[in-house]
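To keep things clear, I will list the structure first and then write my remarks on it.
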Amino acid sequence: MEQILQHIPEFKTAADAMREVVLANLVLIAEAPAPTGREERRIRVLLERFNEAGVQQCSIDDRGSGFGVLPGTEGTRTILIATNADSLGDRPEDAHVEIGTTDVVGPFLGDNSLALAAMASLPLLLDRLGIKLRSNLVLMGAARMFGRCNLEGLSYFLGNAPLPIKYGVCLKGVQLGRLNYSCLGMMLVDAVTRVPDDYKWAQFGTTGSIVPMNDLINRINKIALPRRPMTSIIFGMLKGGFTYGHIARQTVLSFEVRSESAEMLGQIAQQLEDIGEDVAANSGVSVHMDVFARRQPGGMDISHPLVRQAKAVQGTLGIQSILYPTTSAMACFVERKIPALTIGCATPVVRTDLDELQQPVVIASLADGLAQLAGILLAIDGGHCDAQ
């Protein structure tokens with residue numbers, strides 16, 4: 397492992413020399429819209445980049461995910477690098493990337509065009525460094541990952557992979573330094589308030605579905621959440637109505653419940669049901685708590701060799717490791733007892749002049765991100781991350 401760490405500065409130098417290649421890949425990928433379930437254009441662009449880089453067996457599976465293989469010299473085991481191909485935006489007019497002198501700005505670069513660009517550039521970096529892995533390396537852009545799809549692309553691939561996966565790396569655009577080695581348990585919930593068919597629309601003072609939703613939110617906020625096990629409720633989206641003067645027929649609150657304890661998630665699920673029934677009884681609207689996804693907590697211990705060696709690689713690059721449990725796609729690996737990490741590729745920039753769709757990142761940090769990925773791959777390939 398010491399020999400690998402000694403070469404890390406060379407990896408960074410080679411990655412920095414590829415800056416134009418990485419940015420070109422980023423522009424091509426980010427400007428191909430990929431709303432969840434409609435990722436075809438972006439997947440085609442990704443596979444084109446794979447083919448040009450010499451990646452073999454490039455294809456699209458039954459869920460629309462794109463992948464390719466760099467065969468190992470021995471091929472006795474397989475490493476999978478995966479990231480979501482879909483993005484949160486669905487407006488093609490937003491898909492524009494602007495490259496400045498120090499920053500690059502575009503819609504959802506951190507989640508997750510930047511990771512796809514890094515993955516598409518990785519084969520060229522390995523080739524320039526003269527690195528031939530002993531293990532097979534599978535590179536994958538997973539489709540159908542966000543929202544109600546609930547990581548469908550990666551979950552399907554792992555369940556039907558042509559080669560058994562020994563290790564996994566989940567790649568995210570940001571934050572450089574993140575090192576997730578365990579997953580929180582999670583529930584994804586859509587709370588729906590809807591007025592009945594016999595609702596008296598003409599009656600003065602009718603509130604529709606929004607006021608009962610306000611009551612529902614207040615009640616959820618009063619749920620006692622423990623610090624240990626760490627538990628939180630994240631309100632994500634609220635949708636209801638379509639104009640000013642019309643009473644909203646239906647309102648939907650989308651939120652996420654996270655916890656280190658599966659038992660705690662079960663308790664909160666029951667509390668949510670009780671709150672929904674009480675609000676419905678007191679408001680005259682129907683309330684439905686749709687828990688459409690559940691994930692169990694799990695992962696590796698911080699003492700696992702994979703975590704230790706990844707920290708060593710980051711430390712050699714001068715990157716401060718940021719360790720915390722995640723709710724990322726790593727849950728698919730955890731479910732199948734496959735050792736895996738989630739790491740970031742670049743450093744984000746905080747700019748108040750941009751809307752929340754635009755995500756600027758520091759261009760110079762891309763070299764660190766690629767060098768980090770190459771170092772972790774070599775550590776895994778060399779057997780330095782195997783648990784005793």
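Residue numbers (this note's numbering): 397 to 784. We put the CB at the ideal spot given by N, CA and C, even for glycine. Just so you know, these numbers come straight off a predicted model, no measurement behind them.
| Asked | Found |
| --- | --- |
| Length at least 3, wholly inside the region 489 to 543: the beta strand (DSSP E) runs in chain order | 499 to 501, 532 to 538 |
| Contact under 8 Å by Cβ, ARG691 with GLY581 | yes |
| Cβ contact check for the region 700 to 715 and the region 658 to 677: 3 or more pairs under 8 Å | no |
| Alpha-carbon spacing of LEU512 relative to CYS781, whole angstroms | 24 Å |
| Cβ shell of LEU612 (< 8 Å), same chain only, five flanking positions each side left out | ALA587, THR589, LEU649, ILE671, GLY672, VAL675, VAL683 |
| Chain-order list of residues whose beta-carbon lies under 7 Å from that of PHE600 (same chain, five-residue window excluded) | Note that PHE600 has pLDDT 43, beneath the 50 cutoff, so the model's placement of it is unreliable and no number is given. |
| Three-state secondary structure (DSSP) of GLY724 | With the sequence shown as reference, residue 724 is identified as Ser, and Gly is not the correct amino acid for it. Residue state, collapsed to three classes: coil. |
| Between the CA atoms of CYS545 and VAL607 - distance to the nearest angstrom | 30 Å |
| Euclidean distance between Cα positions of PRO560 and MET633 | 38 Å |
| C-alpha distance - PRO693 paired with GLY471, whole-angstrom precision | 31 Å |
| Assigned exposure category for LEU753 - 16 Cβ within 10 Å defines buried | exposed |
| VAL501 beta carbon less than 8 Å from that of LEU422 | no |
| Beta-carbon gap between ALA725 and ALA430 smaller than 8 Å | no |
| Rounded C-alpha distance that separates ILE715 from ASP482 | 28 Å |
| Inter-residue spacing [alpha-carbon to alpha-carbon] between ALA706 and SER717 | 9 Å |
| Closest Cα partner of SER657 within the set PRO625, ASP686, TYR640 | PRO625 |
| Distance between ILE772 and GLU398 (C-alpha atoms, nearest Å) | 13 Å |
| Coil, strand or helix - VAL757 by DSSP | strand |
| Contact check, MET541 vs ASN480, beta carbons under 8 Å | yes |
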